[in-house]
Amino acid sequence: MSWPSRAPRSKKTFSTARAPLLRQSGGLTVVSIVGVNGTGKTTTAAKLAFAVQAEGRVALLAACDTFRAAAVEQLKLWGARLRVPVIAGASGADPASVAHDAVSAALARRADYLFIDTAGRLHTKHNLMQELQKFTASSPNSFPARRTRRSWCWTPPPAMNALNQAREFHKAVPLTGLIITKLDGTSKGGMVVAIQKELALPVKYIGLGEKPEDLQPFDPAQFAQALFEE
1 MSWPSRAPRS KKTFSTARAP LLRQSGGLTV VSIVGVNGTG KTTTAAKLAF
51 AVQAEGRVAL LAACDTFRAA AVEQLKLWGA RLRVPVIAGA SGADPASVAH
101 DAVSAALARR ADYLFIDTAG RLHTKHNLMQ ELQKFTASSP NSFPARRTRR
151 SWCWTPPPAM NALNQAREFH KAVPLTGLII TKLDGTSKGG MVVAIQKELA
201 LPVKYIGLGE KPEDLQPFDP AQFAQALFEE
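Each residue of the sequence shown is one higher than the one before, starting from 1 at the first, in the numbering used here.
Following this line, the structure appears as structure tokens:
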């Protein structure tokens, strides 16, 4: 199967162009990592911070998954390991309040990126999706002049379930991209083609292992080749 060297990103074409992480020029870029439980959001947030630091940028992490046991401690351990400051609140703290404090800290330190780890939630639970809408609507209010970038952290589940998840999360919050995690397992994430076709969401990164450097920029040509390998 041949892939054109350049293709427009639309609902009809799976883009072959790389989609780097967006950055707010001259200010703070906030990236909220959202998705269902077990997709590796906490680990991915830390890996993203590591990736931008390797490019000479300043990154902070916000521990806004205040409901999952040990989620805050997990992010703090990653932060200590990677030397990335982590802004956290007390156990059970309001996620929007933690995000507000994290934004203030990031602006004070003149950070380039703030990566927000959010609580996992099932896309079929209406009340949980409403909570996500409230969080994403309230957290940017403390910095109205700044743009918020959000990425949905996605682990390839059963085919149709993945597409349904993408639809519901995209309906709840304005997603700007996908991060396909755990591609070192048996799933190769072929449903991402259908998701990109329907929702026109660019794929930013793929996760290929547990090490910080295992989060790699998405290469469409390599991904397409892997899908057809035996």
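Glycine is no exception: its CB is placed at the ideal position from the N, C-alpha and C atoms.
Taking the DSSP output, what are the residues bridged to residue i?
i	result
Pro217	Tyr205
Leu114	Val30 and Leu60
Taking the beta strand (DSSP E) that residue i belongs to, which residues open and close that run?
i	result
Ala62	Ala59 to Cys64
Val84	Run containing Val84: none; DSSP gives neither H nor E here.
Short of 6 angstroms in beta carbon distance, which residues of its chain neighbour residue i, apart from the five on each side in sequence? Order them along the chain.
i	result
Val72	Ala63 and Ala88
Asp112	Arg57 and Val58
Lys238	No statement about residue 238 is possible, as the shown extent of the chain runs from 1 to 230 and does not include it.
Phe67	Ala119
Gln74	Thr42
Ala194	Leu163
Going by beta carbon distance, what residues of the same chain come within less than 7 angstroms of residue i, once the five residues before and after it are set aside?
i	result
Ala145	Its pLDDT being 45, under 50, Ala145 is placed unreliably by the model, and nothing is read from it.
Ala106	Leu28, Leu60 and Leu114
Val192	Leu178, Ile180 and Val203
Sort the options by Cα distance to residue i and report the nearest one.
i	options	result
Val103	Pro202, Leu21 and Gly27	Gly27
Glu213	Val52, Ser91 and Asp112	Val52
Gly209	Val34, Ile33, Thr39 and Ser32	Thr39
Val84	Thr29, Ser25 and Arg57	Arg57
Tyr205	Arg23, Gly35, Lys47 and Gln24	Lys47
Tyr25	Arg110, Gly177, Ala119 and Leu75	Sequence inspection shows Ser at residue 25; the Tyr mentioned does not correspond to that position. Closest by alpha carbon: Arg110.
Val203	Ala172, Leu178 and Trp78	Leu178
Leu114	Leu21, Ala69, Ala166 and Phe223	Leu21
Glu55	Phe218, Ser32, Ala172 and Arg23	Arg23
Phe223	Thr44, Ile180, Ala200 and Ala108	Ile180
Leu199	Phe228, Ile116 and Leu163	Leu163
Asp117	Asp219, Ile33, Val192 and Phe218	Ile33
Gly35	Ala70, Val193, Trp78 and Gln165	Gln165
Gly79	Thr43, Ala108, Ala69 and Arg167	Thr43
His170	Ala69, Leu201 and Asn161	Leu201
Tell me where the alpha helix (DSSP H) around residue i begins and ends.
i	result
Thr176	Counting along the chain, Thr176 falls outside any alpha helix (DSSP H), and DSSP gives it neither H nor E.
Phe50	Lys41 to Ala54
Ser97	Pro95 to Ala108
Ala194	Met191 to Leu199
Taking 8 angstroms as the limit between beta carbons, can you name the residues of its chain near residue i, skipping five residues before and five after?
i	result
Leu82	Ala46, Ala49, Phe50, Gln53 and Pro212
Val231	Any property of residue 231 remains undetermined from this structure, which presents the chain solely from 1 to 230.
So with Cβ pairs under 7 angstroms, would you call residue i a contact of chain B?
i	result
Thr176	Here there is only one protein chain, and chain B is not present.
Inspect the CB distances between the segment 30 to 39 and the segment 74 to 93 and report whether three or more fall short of 8 angstroms. no
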